[in-house]
Every structure is written in C-alpha cells, then in structure tokens.
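**Student:**
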Amino acid sequence: MTSRTGAFSMSQFTTSTLVLMAVAIAINIAVGHTVQNIIKLPVYLDSIGTVLVGALAGPLAGAATGFLANVIWGLALGVPGIIPFAITAAVIGFLAGWFTRRGAFKVSGGTRALAICALAGVITGIIAAIVSAPIAVVQGGVTGSGTDALVAVFRNMTDNIFLANQLQGFVSDPVDKLVTYLVAFAILVAVPVTVKTTFPQGEETV
Amino acid sequence: MASIPVESGAGPGLAISSLTVHYFGRDTPALSDVSVDVRPGALVGVAGRNGAGKSTLALAAAGLIPRVVRARLEGTVTADGVPLGTSEGVASHVGIVFPNPHNQISATKATVREELAFGLENLGVARADMERRIEAIAARLGLSELLDRYPFALSGGEQQRVAIGSVVALGGRVLVLDEPTGQLDPAGTETVRDLLLTQAEDGTAVLCAEHSDVVLATADRVLVLDAGRSVGIATPRVALSGQALAASGLEPPTIIRLAELAGLGVDDPLDDEHIADALAGAAVGPDRRPTDGDDRSATDLGGRFAVRDGALLEIADLRYRYPTGIDAVRGVDLRVEPGERVAIVGQNGSGKTTLVKHINGLLRPSTGRVSLAGRDLSTIKVHEAARTIGFVFQNPDDQLFNRSVERELAFGPRNLAFSSERSAQLIDAALSAAQLQGVRSDNPYDLGYSDRKLVALASVLAMDPAILVLDEPTTGQDGPGVAQVGAIVDGLSAIGRTVIAITHDMEFAARHFGRIVVMRQGEVVADGTPEAVFAPGQEELLASTGLRPPLAARIGAKLGLGSTPTVDALLDALAVADAVVKPD
Amino acid sequence: MREGLGFYVDGSGWLHRRNPVPKLLLLIWGVVAPFVFPPAYAFGLLVLAILLGLLAELGRPFLRALFIASALLTTSIIVINGFFFPGARDVLLAVGPFHLTREGLEFGLPIAARVVSAIALTLAFVMSTRPDDLMEALIDRGASPRFAFVVLSAIQTIPRMLDKASRILDAQRSRGLATEGRFAARARAIVPLLGPLVIGSLIDVRERSLALEARAFGSSHQRTAYREVPIGDVDRRLIAIGMLLFAALPLVIAGRLAGLIR
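Chains as they are written, first to last, in the working numbering: chain A, 1082 to 1287; chain B, 50 to 633; chain C, 11 to 272.
1) Return yes when at least one heavy atom of the ligand MN lies under 7 angstroms from the C-beta of residue 229 of chain B, else no.
2) Beta-carbon within less than 6 angstroms of residue 1264 of chain A's beta-carbon, same chain only, minus the 5 sequence neighbours each way: which residues are those?
3) Consult DSSP for residue 209 of chain C and reduce its assignment to one of helix, strand or coil.
4) Compute the beta-carbon to beta-carbon distance between residue 460 of chain B and residue 490 of chain B, rounded to the nearest angstrom, for a pair I have assumed lies under 8 angstroms.
5) Select from B:353, B:557 and B:418 the residue whose C-alpha is nearest the C-alpha of residue 476 of chain B.
6) Considering only the alpha carbon of each residue, which of C:221, C:268, C:196 and C:266 lies closest to residue 1124 of chain A?
7) Would you tell me roughly how many angstroms separate the C-alpha atoms of residue 1114 of chain A and residue 385 of chain B, rounded to the nearest one?
8) Taking only beta-carbon atoms, is residue 1281 of chain A less than 8 angstroms away from chain B?
9) Could you name each continuous alpha helix (DSSP H) segment of 4 residues or more that falls completely within the segment 364-421 of chain B, going from the start of the chain to the end?
10) Between the C-alpha atoms of residue 1258 of chain A and residue 97 of chain B, what's the straight-line distance to the nearest angstrom?
11) Can you pull out the residues from the segment 490-505 of chain B whose beta carbon lies closer than 7 angstroms to at least one beta carbon of chain A?
12) Kindly provide the ranges of any alpha helix (DSSP H) runs that are 4 or more residues long and lie completely inside the segment 137-164 of chain C, ordered along the chain.
13) Since residue 21 of chain C and residue 184 of chain C should fall inside the 8 angstroms C-beta cutoff, what is the C-beta to C-beta distance between them, to a whole number of angstroms?
14) Assuming residue 554 of chain B is part of the alpha helix (DSSP H), what are its boundary residues?
15) Among B:222, B:180, B:404 and B:177, whose alpha-carbon lies nearest the alpha-carbon of residue 127 of chain B?
16) Would DSSP call residue 228 of chain B helix, strand or coil?
17) When the Cβ atoms of the segment 155-172 of chain B are set against those of the segment 262-270 of chain B, are three or more pairs found closer than 8 angstroms?
18) Is the shortest distance between the beta-carbon of residue 197 of chain C and the beta-carbons of chain A less than 8 angstroms?
19) Ordered along the chain, which non-local residues of its own chain (more than five positions away) have a Cβ less than 6 angstroms from that of residue 198 of chain B?
20) Out of B:251, B:495, B:232 and B:83, state which residue places its alpha-carbon closest to the alpha-carbon of residue 189 of chain B.
21) Going straight from the alpha carbon of residue 129 of chain B to that of residue 1102 of chain A, what length do you get?
22) Along the beta strand (DSSP E) that carries residue 1091 of chain A, what are the first and last residues, could you check?
23) So which residues of chain C does residue 1264 of chain A contact, with C-beta pairs closer than 7 angstroms?
24) Considering only the alpha carbon of each residue, which of B:68, B:425, B:84 and B:87 lies closest to residue 78 of chain B?
25) By DSSP, does residue 1281 of chain A sit in helix, in strand, or in coil?
26) Report the partner residues of residue 18 of chain C according to the DSSP bridge assignment.
27) Can you list, in chain order, the residues of its chain whose CB lies under 8 angstroms from that of residue 50 of chain C, leaving out five sequence neighbours each side?
28) So which residues on chain A does residue 163 of chain C lean against when the C-beta distance must stay under 7 angstroms?
29) Suppose you measure from the CA of residue 115 of chain B to the CA of residue 106 of chain B; what does that come to, to the nearest Å?
30) Counting contacts by CB-CB distance shorter than 8 angstroms, is residue 1273 of chain A in contact with chain B?
31) Just to confirm the assignment, what range does the alpha helix (DSSP H) spanning residue 469 of chain B have?
32) Using only alpha-carbon positions, find the residue among B:298, B:316, B:187 and B:546 that is nearest to residue 439 of chain B.
33) How would you label residue 369 of chain B, buried or exposed, when you count the other beta carbons within 10 angstroms and need 16 or more for buried?
34) Is it the case that the segment 597-616 of chain B contacts the segment 566-586 of chain B, given that we only count it when at least three CB pairs across the two stretches are under 8 angstroms?
35) How would you list, in chain order, the residues of chain A whose beta-carbon sits under 7 angstroms from the beta-carbon of residue 464 of chain B?
36) Compare the beta carbon distance of residue 293 of chain B and residue 310 of chain B with 8 angstroms and say whether it is the shorter of the two.
Rendered as structure tokens:
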C-alpha cells in the first residue's frame, strides 16, 4: 500500500485487521501465561498482541485491540479490576501505531531503527504509568500481582498513595514496554513481507 | 494430450478463459493463459507441484482476485454466467474451501448449525429461510448428526465437510476447493472425496486443487499445472500418466502407475477391482518394470553425518493417564534396536503421539519405564534428551521463528552448545539431506508448507540425533516432498540411526519402514514387518483402528499373490507368477 | 461450562433467562455505584452480589471462581493498606518491623469489599450470559457486527492459542531449548517461544480472512441474525430500573458533597 491512511481512519478496520485483532487478544493472554507461568520472568509482555496490531494495522486498530483485550480479559477471567486499565491498554495500542509511523518497527533500518524502537518502548511505558496510576488508586493501589511489592516499598518512602503508585508504574511499566517493543521487533524481523503487507500499515514494518 | 476447447460464452458452471494472474512485486505471473471449463455435474481436479499456481487458480475461480487478494488479472472467470470481477456478491454464486480446516471456522459460533448460518446472516437471509436452508444442506451433505456439536471439537475431516456446507449453503452452484484434504488423515480424505462426488452428482460444478490421488483419481478430468502454465487437461488416467507428467516434476500416483502397467483402458474406472483384473491378464515381466525416478534411492548421508549407532530404546509396560482422566496409553512394551525404522500407525486417538512423547521425556509415564541405552529417561530433562533424540512435530509452524532457513537450522546446535565448526558442518549436511541448499538464505515462511516441513525436519537433523522421531512427516506434503522424507529416513537408517515415525500414510510406511507397530485404544495390537502386518487376512484388524492396507497389498491379496505391501513387491510377485504360469 | 462460550455455565435460572442488555446495564451500575456511595455501603452491596450469584443457581462454581479471582487481590489490598498506610498511627498489631494500623484497615477493607462485589457481579453476569447472546443483543441495539465478531472470535481463540503455546513449548524444548534455570537462559527462551506463536498466527490470518470473505463477511447487505435473543416485559422493566439507578448516582454525589449522605 503506497498511500498511508490517517491515524484515525476507519479504513484500518479491514477484514484482515478484524481477524488480527481477535488473534492478538488471544496472543496477549497466551504470551502473558507463557512468560509468567512457564519461563517465569519478572515482566508481563501481555500487551505484545496489542502492540503488533498497532504496528501492522494502525493506531486506531491498536487502541481498539487494547481496549477490548482488557474488557474481555476482565470478563473472561472474572477480574473486573483490570477493566478500567482498558484505557491504558488503548493508549498503548494507539502509541504503537503512532510510533510505527515514525520508524519504531522499520526492521530493515538497522541500529537506528532499534534505537527508535527502544525509545518508543520506554516512552510508551512512562505514558502507560501516568495513565494507570490514578486508576490503580481507586482499587487501593494494588493489582494482585508481583508489582504490589514495589508499591509497598514506595509507600514506605512517601506519604502519598498516588505518588507510590506512580513510582511503582515508573519502574515496572517502562521496563515491561521496552522488552515488549524489542521482542515485537525481533519477531517482526522474521515475519515475511508478504504477510505484513496484508495489513493496512504493514509497509511501515518492512 | 488434447486440450478441450473452452466455451467462450458464459453458460452454467465455471468458465475460466485465458486467465493470467500477476501478483504485484513478482517478476513472473503466477498463472499464464490458463483456461478450464467446469460444467454442472463435473468434478475437475487440478494437479501440480506446490507453487505451480493451483491456489492462485482457486482464488481467481472463487472471485477473490482481485477484489480481496490484490493482483493484476487478465482473462475472464464466470460462475453460472455471472462474471466474477470486482462485484462483492460473488459469495452467492461460488464457494471456496481452503486447506486448513480450523481456519475456516468463523470462531464466533457455538454449534455447527449456527456456523452454517454465518454466511446466510451476512447475506441478510430471513431467519425462517435460514432454518430451512440449513436443514436442507445438512441433510444433503450428511451433516445432520453434527449440527449441535461445537465446530472446533470436530475432527479435521468433519470440519472440512462443515466448511463445504457453509459455503454451499449460500446457494452457489460452483464449488472451488484448494487442497481440501491436504491436512486430513486417510479416513477424513475419503469422506471429503465422497462429499465432493455427491456434490457433483447433484449438479454442482466442482473444481478441486489437490495432491491426493484419492481425490484426483475420481475426478472427471484433471488439469495439470506447471510453473503457472497449463500442461493439459484430460481424464486422470491420461493426465496423471508418467508420460504426461514428465515435464511437470510430478510423479504419477501409484494407482496410475499400476493402471499403466496393467494396460488398463483409458476410460476404465480407476479402482482396485479393475486394476487387479487388468494386472491378472497383463504380462508384467522384468522388461516391463518401470524405470521411474519414484524409487529414489536412500539419500547418502554417510559422507556428511557420522556413522553412529542409535541407542537401544526400551519401553516397558508404559501406561499414561492424562490429568483429564483419559487413559491414552494402556500398557505398551516396545523394544527398538539401534538403526531400526519403526512406523507407528493407528487411528486418531489410538495413543500414538502420547506414546512417542515419552521417548524424549515430554511426558512422564504414569507407570512403567522408558529407558535409552539402559538409562532411565524419567530423570532426564527434555532439553538434555535432545542430545540423543530429535523430535519433529507435525506442524512446522509450531517451531519456525527465524528470518532465514540457515538461522533456523543453527538454533538446535546452538542450544546443545556444539562447536562452531561442528554446527556449520551439521547445518550443511542437514541442508543437503533435505535438498534445501538453494533456499538457505530464504525466510522459511516464504516457502510453501511442504518445504517448511522439510526445514523443520532439517533443523532437527542438524542436531545430529541418534534417534529421530517424526510425527506425521508426510501430512501436507506434495509427492516429491514425501519422496524426500522417505529418502532421508532410508539414509539415516543406513548410517545406524533409529527412525520412529507416526504416520497415516500406509504406502509411505510400507516402503520406508522395516517394522510397523499398529496401535488401537492405547495398546499395540500388531507389530511386525510390513509383509506381516499388511498380509492378506489382516484387513479386519487394520480396519478396527481405521486403517487399510496400501494399494499394492490390496491388489496382491485380490490376485492371491501373498503379501505385497509395496509396488515393487507386487511386481516381483507378478513376475514370479508369470514365470510359473507362462513358462516359455 | 460449554465449549466456545467462555465462562458461561448452562442453566435455566432467573438470571439465565434475562436478556443480556438489562444485565449488562445493572452490572455496570453495580461496579460503579460502590465508588459513588460512602465506603460503608460497599459491604451491603457485597452481600447482595453474593446472594445474587447464589439465587441465580450458579452455586459452587460461582463461589469457587469468586474465591480464586478475589483471594490474592483482597489479601494484597488488605496487606498493603493495613501495613503500609502512609501516616497511620493507631497500631493494632505489630509483626516484626511491620505495623497493622486501624487507619490502613479502615481505608483498605471497604476497597476490598468494593473489589470483591465487583468481581461477584461480573462472575454472576458472565456465568449466566452467553457471549453470543450478549453480542446479538448489542447488535440489536446498534453495535457493529464487525465489533461483535472480534469479541466472539477472541473468546473462542483464547483456549486454542494456549494449546498452540503448549505445542510450541514442546517443540522448542525438543530442540534443546532450556526453559528453566538461570535468568539469562530463561530470557533467551522468549523469542523462540513467542516467535512461532505470533508468526504462525499472522500467517493464518490471511486464510481466515479469505474464508470469511467467501462467507460474505465483507458484504454490504443488511445483516440478519440467526440467534433470537428474546426480550420480555421483565427485561424492559429492569432496563427502566437500571436507568433510574444511574440517574440516582449524581444525586448521591450531590448528597455526599452537601454532607447529607455519609
């Protein structure tokens, strides 16, 4: 595709994109499970599907995927607590699409592209932390996961609950999103061009 | 062979005229000037190697090019008189079915009944009308007993029949299929073949791209494609003969080879009876033995891989119960000597995969013992067992992730911390064994499914295993791909390695394996040479686990020649019989 | 549980027979309301939510799921707030250097009640509502069928994706990949395990899209629905009640600001 659709264009939602979105939501969950329960690493990577939709289909498709993924996850696993974070997930998907248009996943771009990718991951993580912190406070500042320990540490250091969550987010989110972006980059290197270009924004990841 | 003239007018059925398809960014067209006409009631097969243009023809015939798949298209395609250009309403004129059963389920419906309604909903058919059409289609296609099942819980063959039903339900009288049996076992293949024949009898025009001779041999005509061009179109007996296929890189299916040898008439039906009768009357002396390349000899691996004794594998009273409570393996004893070639056969659910997963520790026995060269496997980690045992899974896409074939092959040796010289040498050896040298820098996912399977196999060969376990190595392979796998099996055995394969392909098992283990409901019910297992009188036992002896064995049995599991054995037996009957 | 329908449990209770739309409306209200009402009200709603699940004949599976979903989160909320509440002085219990404070519990317990009642309501909803019914009902009210496709397809794809992940794990371990042991070794396993999952799924998207197109998915026809999702008088009344309950929320907020509700 030579002409680029707008970041907010509904033309991102082709049949291929819709199929991809459904698959990506399932990928988020399967990856989250693999990374946390099988290889037991201290990251989530459970927005990698969302990031890939943003990258391949566009910012709006990425945002929609992130949003739906959290809602479905919350309902499917009976943890409504994560549903409010759908807003964060939507922002992550949107940013992935936006950064892709600025070369974050230009896999032929060598070291420079990789640097953009890493930077985009870190920035996404910081923005995600900013968006998440007020949502987390509503729930008493915890998510029921390992990062709660960090919250405890920061609460010992500050008197402000909001700030404690913000600090927790500023530590774990950028690391998680940095790794997510780099892993997405490594995978996109091996995806054939013919497959990428079946999606509206695939050219940007060649 | 003569080309059948193409109707230029737009009559009923499918009419493809001078079709050329050019994908953007490719130098050569995927199809050049192909014409084929499928009348209502006809089943036309399309044969050709992977990459010959079969899928492109199917996509164009279903009106998906250029509307959905972007490409430049010249020529015309009409279904029931309606030109399939860019209009979106083609789904109600022509249906298409793809190779992977699970990719064609909408994944939004809880029952087959609703799955059949999916397209009707999209076309805006009234609810009362939908109900009537679903019932009618289900009755006609034999899907009635599946209507309340969950689509993803069906077998591959059942899913393909539902896929056919869900496009036929839209009312089109033209049905296009792209390798519909490529991912199915023999039983599934036969049910799909039967359904296609019923569809044709009902007056549907059926165009079916296929590798399986089970389907091709029953077609009215077969179009052979080679590198995007039509080699010709004729009855299967003519189109698939050695002579006609010579240029296309395909080899004639066994049934055609035997028909040719028997001198079966061009118009005679291609079935066991007719071939046996004709063979009984034909003189098949040594001079009439075909010198075809199909019997390609074992790939010589001796120069590239070290001659090394496989390890003795002992399985004693193995039982395995899944956490769900299902007893998948119920007391199996098996002793596999170094260098043996063992084929494990039996219907789906008979415990084959569960059994072999114990060989490298992916599963731990519930009771019983698995040992390798005397060492109990229960204490060895899977990634350590990989030093001795190579395991190639059915779906290559469950393991490939590198950007080039060469990098993919390097993954295993790196995990095993081989020295760089040893890795490089093994990678070269594996590439050449699988004949992949020409694509070593290609992205595996740019290759066809057949080649991806070979890449997966080569990536395990590069780990230099003493024992190689293959799960369904020929499923989804085209003819030359099957021959390549067979040659590797023979080659490995020649250098002392053990090969254990799960397969549904009895011809492949009989030809390349010295020992056949038949499983049924978690137990071994027969274990012996192909001659013993496929001997006359064993039909009932085999049928009890969904199997049928290979064609050569069936014909040999019909002719009273004893056990002839391979074509060679059959021909030898015929020659002996000839010499006895006609001593001159 | 029925295959392909997520967490839905077959049943014919009162809640099962309701149209999904009023249920969804009341679910959203029930999750939002505890944050609007003063903290103490959360305990009342929690009791109501659990009763609802039991009255809906969801029984033991409901309670079990509720326990699994809320145990860790509740513990976390109580521990973090109880022991680490900034500025708290009224120590109830000292465990080594950690002090359980009254202020922390007063802050944490209502939050835990809110969260658990939200979980209970959500479970009662998903266990009594077929996702396909929910989507048809939403399409009926103007939602896009294409959006419904994504949701339903995702729900059915999740278990299949987990199966694929487990096949990939088997395949790569068989190729000598270590998935346990040192951190560096485990980190190296990420791409070999995630790569085939993502790439294989992307490859399948093409065939799946084509198959959908062949079933007129991209068609511009006005879609019809095969599934009927009846809506009865009770459902209509529940929708009206739901609307009123939502209308009441601003009043509650106003009342709290004015100091009338505590």
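Heads up, the beta-carbon is just placed ideally off N, CA and C, and yes, glycines get one too. A quick note: this is a predicted structure, and the numbers were derived from the prediction, not measured.
**Tutor:** Here's the rundown:
1) The ligand content of the structure shown is nil, which means the ligand MN is not present either.
2) none
3) helix
4) With 8 angstroms as the limit, residue 460 of chain B and residue 490 of chain B do not qualify as a contact, their Cβ atoms being about 16 angstroms apart.
5) B:353
6) C:196
7) Their backbone Cα atoms lie some 38 angstroms apart in a straight line.
8) No Cβ of chain B is located within less than 8 angstroms of the beta carbon of residue 1281 of chain A.
9) 401-405
10) When rounded, the distance between both Cα atoms is 47 angstroms.
11) 492, 494 and 495
12) Taking only runs of at least 4 residues, the alpha helix (DSSP H) segments lying wholly in the segment 137-164 of chain C are 141-150.
13) In fact, because the Cβ distance is near 43 angstroms, the residues do not count as touching under 8 angstroms.
14) Neither: residue 554 of chain B is in no alpha helix (DSSP H) and is coded neither H nor E.
15) B:222
16) coil
17) The answer is no - the segment 262-270 of chain B does not touch the segment 155-172 of chain B, with fewer than three Cβ pairs under 8 angstroms.
18) yes
19) Only residues of its own chain outside the window of five on either side were considered, and among them 161 have a CB closer than 6 angstroms to the CB of residue 198 of chain B, listed in chain order.
20) B:251
21) 36 angstroms
22) Note, residue 1091 of chain A: premise wrong, no beta strand (DSSP E); not H, not E.
23) 200, 201 and 204
24) It is B:68.
25) Residue state, collapsed to three classes: coil.
26) According to DSSP, which records beta bridges pairwise, residue 18 of chain C is partnered with nothing at all.
27) 120.
28) 1103
29) 12 angstroms
30) yes
31) 469-482
32) Per the Cα distances, B:546.
33) buried
34) yes
35) Correct list: empty, because the minimum Cβ distance to chain A is about 15 angstroms.
36) no
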